[in-house]
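Trainee: Starting off with a structure, shown below.
There are 2 protein chains.
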Amino acid sequence: MMKQNKAISESTKKKSLNPKDWEQATLEVIAHQGVSAVAVETIARVLGVTKGSFYWHFTNRKDLIIAALKRWRNEDNKVIKQRVLSVNDPYKRLKTWFLLSSEPYQSHLIYATLLADRQHSYVSKVLKEVTVERLSYLQQCYQDIGYTETKAKQQALLAYSVYVGYLHMTKTLHGQFKHDDNIEAYVKHVAGQLIHPPEAISIDLSPQNL
Amino acid sequence: MMKQNKAISESTKKKSLNPKDWEQATLEVIAHQGVSAVAVETIARVLGVTKGSFYWHFTNRKDLIIAALKRWRNEDNKVIKQRVLSVNDPYKRLKTWFLLSSEPYQSHLIYATLLADRQHSYVSKVLKEVTVERLSYLQQCYQDIGYTETKAKQQALLAYSVYVGYLHMTKTLHGQFKHDDNIEAYVKHVAGQLIHPPEAISIDLSPQNL
DNA sequence: GATTTTCCATACGCCTGCGTATTGACATCA
DNA sequence: TGATGTCAATACGCAGGCGTATGGAAAATC
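Protein chains in written order, with UniProt numbering: chain A, 1 to 210; chain B, 1 to 210.
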């Protein structure tokens, strides 16, 4: 029979796989389907081989996932270093970080699906509906204050993003975070920044123009 | 044998279960362990019965999860209506929403775990480390600008929360969101609000004091 | 060119967890 | 008190997915 290298048949002179190949394929799965979707037989099929290959390179599934996440983390650190931390001006550094954060490349996807294991269609459906609902009444609140529709939409999205991020922080940092003093102060800080008349902020005092 | 009602044996005059019991137990599992941890036999054990009961009330596991999420959504809407939307002053309404958002009650937990299926310990470990790292250099950026350590920490947390939330939005809204015009304007908006000297915002123009 | 190393295929065992089938206990109502 | 309806226990089938065992082919090494 001898069907082989169907997936990597183009312009690659590779004859056999190495752990890196498995890790990258795994990251691809995590980025789009979440951690729980990582199945060795599936990934093997993608790579054009079978399980027999996998268990030569790795001891088990957990080993693969840990190795893949380690690779992801290292590469992400490299990008941050090259594109963000190399900027000396802290204003531009922050700006760069924000721009980088908005780029839809794989690392962000992975982070988001480690965050949100949205494999099940019914979950994503409910999540979407609820999110749209909440954005809608947040937007209405801001329009009541005097924001234009566009600005209210953006501000609602910003506010909701902070909300989502906050929930994530409390679970993720779980210890760094003093659950008594800091949170109150943090909520105050957030509210002080996000609840204000529409003109209060557009007075741009920063030396850069975004 | 006749061992029965071990889990609900205290002061409850209930003799049999109804779908609501199953849904609430399911939400408890989702809140703390995520959707993928929902197993009918496990929940049955918690409720003090076996699978035989479950398949009398529901057709299958998916049916249970959908019903549970529907219940969660309805009850969450009720809370929002009563505690947020009832406030007439839009400033206080927003303030209320923020305060409510920071309360650690079950609905938030559920939302966060729909967001983050962090069942696997190695995932949460990596997530925590990476998050701390990123918060650290974000904090450093803000200290470079002139923020105090405390304010820098808060601002970093805020900025990172927006980042996390943004990633969630792009996946969740997936269509509402025009991936061309709106995002650029949104990023600008976010940057305009979060990148500025430390004094720029503390000039509080809003009529309420949080 | 023979042997060892590297990489992969095939086949199997096993566990978990879903869903079904069947039976039974208890309550309600006629 | 018998019939019906409600809720639950037990047993079973079955599929997916992990990990193992074993053998084989190709390449590297000597």
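The C-beta atom is built at its ideal place from N, Cα and C for all residues, glycine as well.
Can you tell me whether DSSP reads Phe54(A) as helix, strand or coil?
Mentor: Of the three classes helix, strand and coil, the one that applies to Phe54(A) here is helix, per DSSP.
Trainee: Measuring alpha carbon to alpha carbon, tell me which of Leu157(A), Thr170(A) and Thr172(A) ends up nearest His168(B).
Mentor: Answer by Cα proximity: Leu157(A).
Trainee: Can you have a look at Ser161(A) and say buried or exposed, based on whether 16 or more other CB atoms are within 10 angstroms of its CB?
Mentor: So Ser161(A) counts as buried.
Trainee: Would you check if the region 188-195 of chain A and the region 21-32 of chain B touch, i.e. whether three or more CB-CB distances between them fall below 8 angstroms?
Mentor: No, because fewer than three Cβ pairs between the region 21-32 of chain B and the region 188-195 of chain A fall closer than 8 angstroms, the two stretches do not touch.
Trainee: Under the three-state reduction of DSSP, which class applies to residue 251(A): helix, strand or coil?
Mentor: The structure shown does not extend to residue 251(A), since chain A spans only 1 to 210, so no value can be given for it.
Trainee: What are the boundary residues of the alpha helix (DSSP H) that residue 254(A) is part of?
Mentor: Summary: the structure shown does not reach residue 254(A), with chain A confined to residues 1 through 210, and so no result is reported for it.
Trainee: From the DSSP output, in three-state form, read off His179(A) for me.
Mentor: At His179(A), the pLDDT of 47 sits below 50, so the modelled position is not reliable and the matter cannot be decided from this model.
Trainee: Between Val49(B) and chain A, is any beta-carbon pair separated by less than 8 angstroms?
Mentor: Answer no: the Cβ-Cβ gap between Val49(B) and chain A never drops below 8 angstroms.
Trainee: Got a sec: which bits of the region 155-168 of chain A sit with their beta carbon under 9 angstroms from any beta carbon on chain B, in order along the chain?
Mentor: Those would be Gln155, Leu157, Leu158, Ala159, Tyr160, Ser161, Val162, Tyr163, Val164, Gly165, Tyr166, Leu167 and His168, in chain order.
Trainee: When you compare the CB positions of Leu64(A) and Val132(B), do they come within less than 8 angstroms of one another, or not?
Mentor: No; because the gap between Cβ atoms is not below 8 angstroms, this pair is not in contact.
Trainee: Tell me, please, whether the CB atom of Ala185(B) is closer than 8 angstroms to any CB atom in chain A?
Mentor: Yes, Ala185(B) lies at the interface with chain A (some Cβ there is under 8 angstroms from its Cβ).
Trainee: My assumption, with CB atoms under 8 angstroms, is that Phe54(A) sits in contact with Ala44(A). Please give the rounded CB distance.
Mentor: With a Cβ gap of about 6 angstroms, Phe54(A) and Ala44(A) count as contacting.
Trainee: How many Å lie between Ile80(A) and Ala31(A) at the Cα?
Mentor: Straight-line Cα distance between these residues: approximately 19 angstroms.
Trainee: On the CB-based measure, 16 or more other CB atoms within 10 Å of its CB, does Tyr105(A) come out buried or exposed?
Mentor: By the 10 Å Cβ count, Tyr105(A) comes out exposed.
Trainee: Assuming Ala37(B) is part of the alpha helix (DSSP H), what are its boundary residues?
Mentor: Element bounds for Ala37(B): n/a, residue is neither H nor E.
Trainee: Determine whether the Cβ of Thr131(A) lies closer than 8 angstroms to any Cβ atom of chain B.
Mentor: Chain B, which has a Cβ nearer than 8 angstroms to the Cβ of Thr131(A), makes this yes.
Trainee: For the alpha helix (DSSP H) that Lys81(A) lies in, which residues bound it at each end?
Mentor: No alpha helix (DSSP H) contains Lys81(A), which DSSP labels as neither H nor E.
Trainee: When we look at the beta-carbon of Lys62(A) and count the other beta-carbons within 10 Å, is it buried (16 or more) or exposed?
Mentor: Exposed: under 16 other Cβ atoms inside 10 Å.
Trainee: Kindly say whether Gln139(A), judged by its beta-carbon, lies nearer than 8 angstroms to any beta-carbon of chain B.
Mentor: Not an interface residue.
Trainee: Return no unless some Cβ of chain A is closer than 8 angstroms to the Cβ of Leu173(B).
Mentor: Output row for Leu173(B): interface = yes.
Trainee: Thinking C-beta only, is Tyr147(B) closer than 8 angstroms to Gln155(B)?
Mentor: Contact: yes.
Trainee: When the Cα of Glu41(A) is compared with those of Leu135(A), Ser86(A), Lys51(A) and Gly165(A), which residue comes out closest?
Mentor: Here the closest residue by C-alpha is Lys51(A).
Trainee: Would you report the Cα separation of Arg83(A) and Glu75(B), rounded to the nearest angstrom?
Mentor: Whole-angstrom Cα-Cα distance: 45 angstroms.
Trainee: Kindly indicate which three-state DSSP category Asn77(A) falls into: helix, strand or coil?
Mentor: If DSSP states are grouped into helix, strand and coil, Asn77(A) belongs with the helices.
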